[in-house]
Each structure stands twice: as C-alpha cells, then as structure tokens.
Amino acid sequence: MAEKVAVDPQAFKKAVDDRTNARLKMWLEICAHCGLCADTCHFYLSNDRDPKLIPAIKGKKVLEAFKKKDKIDEAFLEELYWTVYGDCTMCRRCTMFCPFGIDIATITSTGRGLCVSQGKVPENLVKTIESYYEYGNQMEVSEEDWIDTLQWMEEELQEELPGATIPIDKKGANLLYTVNAREPKFYPMDISQAAMVFYLAGEDWTMSSKGWDDTNLAMFAGDLKAAGYVSQLVRDAAEELEVKRVAITE
Amino acid sequence: MVHSVTLFAEYLREGRLKLDKSVFGDQRCTYQDPCNVSRNGGCGKDAREIIQYLCEDFVEMEPHGDYNFCCGGGGGAIPMAGAFRDRRIRSGKVKADEIRATGASICFTPCHNCYDQIRDLSKEYELGIKVLSFKEMFEEALIIPEELKAKEEDEEE
Amino acid sequence: MNLVTLYELLRGPLLWLAFGVFFGGMVLRVILFYRLSKRKDGVIYRFFSWKWLWLSIFRWIVPLNETAKKNPIVTLVGFVFHICLIATPIFLLAHGVLWYESWEISWWSLSEQVADYMTLIVIGCGLFFAIRRMVLPHVRIVTTAADYLLLAVTLTPFVTGYLAYHQYFDYNTVLILHMFFGELMLVVIPFTKLSHFLMFFFSRAITGMEFGRRSAPSW
Numbered sequence: 004m005a006e007k008v009a010v011d012p013q014a015f016k017k018a019v020d021d022r023t024n025a026r027l028k029m030w031l032e033i034c035a036h037c038g039l040c041a042d043t044c045h046f047y048l049s050n051d052r053d054p055k056l057i058p059a060i061k062g063k064k065v066l067e068a069f070k071k072k073d074k075i076d077e078a079f080l081e082e083l084y085w086t087v088y089g090d091c092t093m094c095r096r097c098t099m100f101c102p103f104g105i106d107i108a109t110i111t112s113t114g115r116g117l118c119v120s121q122g123k124v125p126e127n128l129v130k131t132i133e134s135y136y137e138y139g140n141q142m143e144v145s146e147e148d149w150i151d152t153l154q155w156m157e158e159e160l161q162e163e164l165p166g167a168t169i170p171i172d173k174k175g176a177n178l179l180y181t182v183n184a185r186e187p188k189f190y191p192m193d194i195s196q197a198a199m200v201f202y203l204a205g206e207d208w209t210m211s212s213k214g215w216d217d218t219n220l221a222m223f224a225g226d227l228k229a230a231g232y233v234s235q236l237v238r239d240a241a242e243e244l245e246v247k248r249v250a251i252t253e
Numbered sequence: 202m203v204h205s206v207t208l209f210a211e212y213l214r215e216g217r218l219k220l221d222k223s224v225f226g227d228q229r230c231t232y233q234d235p236c237n238v239s240r241n242g243g244c245g246k247d248a249r250e251i252i253q254y255l256c257e258d259f260v261e262m263e264p265h266g267d268y269n270f271c272c273g274g275g276g277g278a279i280p281m282a283g284a285f286r287d288r289r290i291r292s293g294k295v296k297a298d299e300i301r302a303t304g305a306s307i308c309f310t311p312c313h314n315c316y317d318q319i320r321d322l323s324k325e326y327e328l329g330i331k332v333l334s335f336k337e338m339f340e341e342a343l344i345i346p347e348e349l350k351a352k353e354e355d356e357e358e
Numbered sequence: 224m225n226l227v228t229l230y231e232l233l234r235g236p237l238l239w240l241a242f243g244v245f246f247g248g249m250v251l252r253v254i255l256f257y258r259l260s261k262r263k264d265g266v267i268y269r270f271f272s273w274k275w276l277w278l279s280i281f282r283w284i285v286p287l288n289e290t291a292k293k294n295p296i297v298t299l300v301g302f303v304f305h306i307c308l309i310a311t312p313i314f315l316l317a318h319g320v321l322w323y324e325s326w327e328i329s330w331w332s333l334s335e336q337v338a339d340y341m342t343l344i345v346i347g348c349g350l351f352f353a354i355r356r357m358v359l360p361h362v363r364i365v366t367t368a369a370d371y372l373l374l375a376v377t378l379t380p381f382v383t384g385y386l387a388y389h390q391y392f393d394y395n396t397v398l399i400l401h402m403f404f405g406e407l408m409l410v411v412i413p414f415t416k417l418s419h420f421l422m423f424f425f426s427r428a429i430t431g432m433e434f435g436r437r438s439a440p441s442w
C-alpha cells in the first residue's frame, strides 16, 4: 500500500496548471460520453462488463481533478489514485476505437502525474525511482554486480561457444545492447541468449557498464522529471560509447 | 533506437541467423503482441516475420497485432505488485480466454511484463501454457555451425 | 413586449449576436488552443505529418474503421443524424428565402417534402441517443445532466421548426421559439462538447499522427 500522505492543495493546483495542455483540454471537453470505448477495454471485459471500468470514466475522473484544482480532499485523491494506477494500463487500445481518438493513456498518465505531486505513488514504483537515481537501474543492481553477471554469463556461453564474448564498453561499436534490469536480477540467461544471437549473427556489439537499463518505470509512475533523467542515462551511454544504434531488449 | 524484435527480424532476413523450424514442429504456438511493441512500437510485422522462420503450427489470438488486448501487466502493473496484484490478475481474464481459444501450448512474447503476466495467468486460470521469449526460442532453434561449437573432448571436466 | 418586437429582435440584433458568438467564439477558442499547444504540446509539431492527419480524418469522416464495423447501428444512426443535422438548416428553402431577403444571396435548396423527412430523422435519431443513454449501463454511467441538456438544445430547433412548418399550435409563438432555440444552439456550441463539430478534426489529426509515427492505424 502507498503511504498515507496529507493532501497538499497548492501542489495539486500547480501540478494541474503544469500539466494543462491543448490536447488534454480539448479531449476532456469534447468527450461525447458515447460509451463506444466500453468493450475495447480489457478491464471492463474482464470484470463482467462493470460499467465503472470503461475508459471514459477514467477520463472523467481526471477531468474532475482538473476542475477541482486546490479543492481536492483526501477521499478524492484516493479515488483518483486507484483509478489511474489500478484501472488502466495505458495500453491505448480504446484510443483506436474512439471516434474522436481521445488518448486515455495520456490522460491516465497525467492523472498519475497529479498523484505524484501528492507523493501518492505505489510504493514499489517509488522504490524503482529511488533505485534509478541511486544505481541507474530499477532493480538496485550495483555496477559491480552488473559486471560480474556479464562475466558469469560470458563464461557460461563460452562452454558451448568458445569464441563468443560479451564486450563491455567497446567504443565505436555498431550496436549498444540495453536490457531490462529484471534480466541481471531474475533472468540472467536472457543476456547470454542475446550474446549468442549477436555472436552467430556476426554483430559488432557492446554492453555498457552504465546506463544499461532500458526500462522507464518513472514514466509509468507519471514522474516526468525522473523519467527524463532515466532516459538520459541510456542516451549518455550511447554518446559516450559512440555507437551507431541502440537496441532494447525484448 | 531499435527494438530487439526488429533487429532479430533483420538478422533472419539477411540470412545472418538460421533457425531449425522442426524444433517446435509439433507444438502449437501463439504470439502475444505487447502493446508497447506492436501498437505503440510498430514492430508487429517484424514479429510475424520472425515467427515464419520459427514455427510451423502458429495460431494468432483474436484480435492481434495493432488491435491486440493488453495482457493486464502493462503500464507498470507488474512492479506495482502489492494491492494491485489482484486487479492485475482479474484484468487478464480477456487475455487468458484468448490464449485458451488458440489451443496453443507455447505462447511467446518479447516483453518482460507480458512474460511475467502470462506466466501468472497460466497458473491462475490453469492455461497450462509455456511462456517463452524470442531469445529463449532461438536458444533451442538456432543452427550453430559445427566449427563454432565447443569440441566434446576439450570439454572434459 | 409584443410578439412582433420579439420577432424583430430575434431576426435582427440577436441573430447577429448569435452568429457573432458562434463564429467569434470558435475562432477565439481555436486561437487559444493553438497558442497553448505551441507552448505545451511540442509532440504535435515534432511529429507533424500530413499523411497521417488526412488518413485519420478520412477514415472517420466516412465509416471506414473498426468501430463502425463493430457497431453498425450506432454508426448508421450517428452518420444519418449528423448529415441531416447539418444539411437541413443550410439547405432549407425557408431559410434560403431569409438569406435572399437580407443579402440577396441564394443557393440550392431541398424540396420541402425531403426537408420535412430529414427533420423527423434528426428528431428520431436524437431520441435514439437519449434512449441509448438511459438503457445501456455503460453509457448511463458516463452521462451527465449536460448530455441530456445539450441533446435537448440540439433537438428543440428541429422540433419547433417542424411544428412551425406544419403550423401546429400558434404559428407566431412557435416561430419565435424556433428562432430562439436555433440561436441558443449557436451560442452554446463554442463553449460545450458541441464544439466537437470542429475540434473533431484537430483531435483526429493529432491522434492520427501520434499513432502514425509508430506506424499503427488509429481507426
């Protein structure tokens, strides 16, 4: 559970003002409440067609937040929180079926941003954001552990393919391969499998000792500042190593 | 920026990688389009191209490609865990039904969120499906030239 | 105030006012949206693409999309409603006469019989939408009082127009009501969801480009 935080109306109002843009204003105004989005949503369909879960309802909740500004209270914040984090995965399917093309994912993400202003973010996402700042990845993998994992995977791979390597920080390589931090943590074999593919394909590739996590949970959390920082990590790594392409893992 | 799926499709197209289709010959496969790879990433076609090299008995979920349903694990839902887990599993019912309808025994997906979610769905909804990434499938099916393989006699331990 | 002065008022200054608020309001809102977007919606301009803009609009201005396939009845009613809603007042003979009297301009007009049917179609489709709002749980739950009110604002000019043409009730009173409700509708359009008559194009264009840059269709 997220920690209990008292409401800060001024910060909420500021977040609303910061997040107000032309698209959002337009979308929140023109939604015709036609309900055609209902059966495009897996939340609605999976929960016995519960009308409370149609995409337009989620948009409406964020619209309420925009109207309330500094008039919000704890009860409303709680509702908003569960709607934007618990009832939408921002998959964008409903947008394809909306006659106006209203982008509920963007609206949800904005709603999450408003929650961020109140420190009301799922605890586990907060942990990953802290980890990005401290370790440069979402899983608190230290640089030492990372390099160890790569070397261990290289050894494993070489038992089968003696010529295969996992290059680290190779300047000017054609390809920088980045991974999901879940890989070194839970699925290290993913790394040796990728190395095997690159070796057999004759790719000139490298891994980076820094900025190697291509996930961005800060973005999903709705924390734009942190999200910008996280994506900059990989960009820096790519520039530092002067690679031509950056590949992201499956 | 290039997604692995596009990169792997390139390697296969250019003949830099060779796959042995018969490895998964008798097993029916299906593919979960991750929202952020297909609809929001534009890699749906590349994935289909890889699949052609990879399996003989392939069945699509309906709907698929750009029109796929989210598995329920996206948008940070997997790492949120805690009190959100229950909602996540429930919201995956649509996907579980789709997978069951394909009659497949392997579902592959190039996304860690989909991967973890479908594994959970398989348990909770008793789908009995094996979830694999493309890399995992490659590991089984890649044809490795003899000269690159480790020699058996050198391998004595 | 008697009916004649009321008529003169609605035919003269208030009509000007209504058109002024309608056109002025829409233009002003578009300008404000544009200026805000320049500041806060960089993504629109970074990935601007005429191709996806037109495709996205085209696929929905004619029913060439998955939603139309999945919901044939709503789509049919929706299209017929919007076509009749826009065409009837513009091509109505009686309105044409007024334009000619004031400005000596004229254009093609519908036969009175056809216009009469089209008016009934608008009212019928409107009732269909109202009933749909009440009956379907997933539509009912997003419906607000404003939705019914705006539907009423849209339909009253047609209902009163129909009554006036057939001279049911007191013609003069009905005519004045017709003019009043027509002008009321024009006035509220820029400030309510009815602005979608224009914003539809912007919204479709933006989403079309956003999906297009990921080579996915938005239809």
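Protein chains in written order, with my numbering: chain A, 4 to 253; chain B, 202 to 358; chain C, 224 to 442.
Glycine is no exception: its CB is placed at the ideal position from the N, C-alpha and C atoms.
Treat the numbers as computed from the prediction; the structure is a model and nothing was measured.
Those residues of the stretch 259-276 of chain B placed with their C-beta closer than 8 Å to a C-beta in chain C are 267, 268, ordered along the chain. Interface flag for residue 295 of chain C against chain B is unset, since no Cβ pair is found closer than 8 Å. Contact note: residue 314 of chain B does not reach chain C at a C-beta cutoff of 9 Å; the least C-beta distance is about 18 Å.
Note: residue 307 of chain B is bridge-paired with B:230, B:331 in the DSSP secondary-structure output. Contact between residue 241 of chain A and residue 249 of chain A is confirmed by a C-beta separation of about 5 Å, below the 8 Å threshold.
When C-beta atoms of the stretch 272-280 of chain B are compared with those of the stretch 89-103 of chain A, three or more pairs fall below 8 Å, so the two segments count as touching. When rounded, the separation of the alpha-carbon atoms in residue 288 of chain B and residue 383 of chain C is 51 Å.
In chain order, 86, 87, 90, 91, 107, 110, 111, 114 place their CB closer than 8 Å to the CB of residue 61 of chain A, counting only its own chain and leaving out the 5 sequence neighbours on each side. For residue 419 of chain C, a Cβ of chain A is located within less than 8 Å of the residue's own Cβ. Buried is the label assigned to residue 190 of chain A, since at least 16 other Cβ atoms lie within 10 Å of its Cβ. Proximity of chain B to residue 437 of chain C at the Cβ level (cut-off 8 Å) is accounted for by 240, 241, 242, 243, in chain order. Per DSSP, the continuous beta strand (DSSP E) segment holding residue 251 of chain A begins and ends at 248-251. The beta-carbon of residue 92 of chain A is placed less than 8 Å from the nearest beta-carbon of chain B. Against chain B, a Cβ distance below 9 Å from residue 45 of chain A picks out 270, 271, 272, 273, 292, 293, 294, 295, 296.
Shown in chain order are the members of the stretch 280-292 of chain C whose Cβ falls below 8 Å from a Cβ of chain B: 289. Within chain B, the C-beta atoms nearer than 7 Å to that of residue 185 of chain A come from 313, in chain order.
Within chain B, 267 have C-beta atoms less than 8 Å from the C-beta of residue 440 of chain C, given in sequence order. Along the stretch 240-252 of chain A, the positions whose C-beta sits under 7 Å from a C-beta of chain B are 248, 249, 250, 251, 252, read in chain order. The C-beta of residue 364 of chain C comes closer than 8 Å to at least one C-beta of chain A.
Annotation for residue 181 of chain A: the continuous beta strand (DSSP E) segment containing it runs 178-181. Linking residue 117 of chain A to residue 218 of chain A through their CA atoms gives a straight-line distance of about 22 Å.
At a cut-off of 8 Å between beta-carbon atoms, residue 423 of chain C makes contact with chain A. Look at the stretch 95-106 of chain A: the residues with a C-beta under 9 Å from a C-beta of chain C are 95, 98, 99, 100, 101, 102, 103, 104, 105, 106. Residue 128 of chain A is positioned such that its CB atom lies closer than 8 Å to that of residue 220 of chain A.
The criterion of a C-beta distance shorter than 8 Å is satisfied by residue 341 of chain C and residue 311 of chain C.
By the CB criterion at 8 Å, residue 283 of chain B and residue 318 of chain B fall outside the cutoff.
With a cutoff of 8 Å on beta-carbon distance, residue 267 of chain B and residue 240 of chain B are scored as near each other. The criterion of a C-beta distance shorter than 8 Å is not satisfied by residue 220 of chain B and residue 212 of chain B.
Note: residue 210 of chain A is bridge-paired with A:171 in the DSSP secondary-structure output. Chain-ordered listing is empty here: chain C has no CB closer than 8 Å to the CB of residue 165 of chain A, the nearest sitting near 41 Å. Distance from residue 48 of chain A to residue 290 of chain C at the Cβ level is roughly 16 Å; contact not present, criterion being Cβ atoms closer than 8 Å. The beta carbon of residue 184 of chain A lies closer than 7 Å to those of 140, 141, 142, 144, 216, 218 in the same chain, with the five residues before and after it left out. Straight-line measurement puts the Cα of residue 243 of chain A at about 45 Å from the Cα of residue 102 of chain A.
Bounds of any alpha helix (DSSP H) do not take in residue 235 of chain B, whose DSSP letter is neither H nor E. In the DSSP assignment, residue 203 of chain B forms a beta bridge with A:250. Cβ-Cβ distances below 7 Å link residue 161 of chain A to 167 in the same chain, with the five nearest sequence neighbours on each side left out; the list follows chain order.
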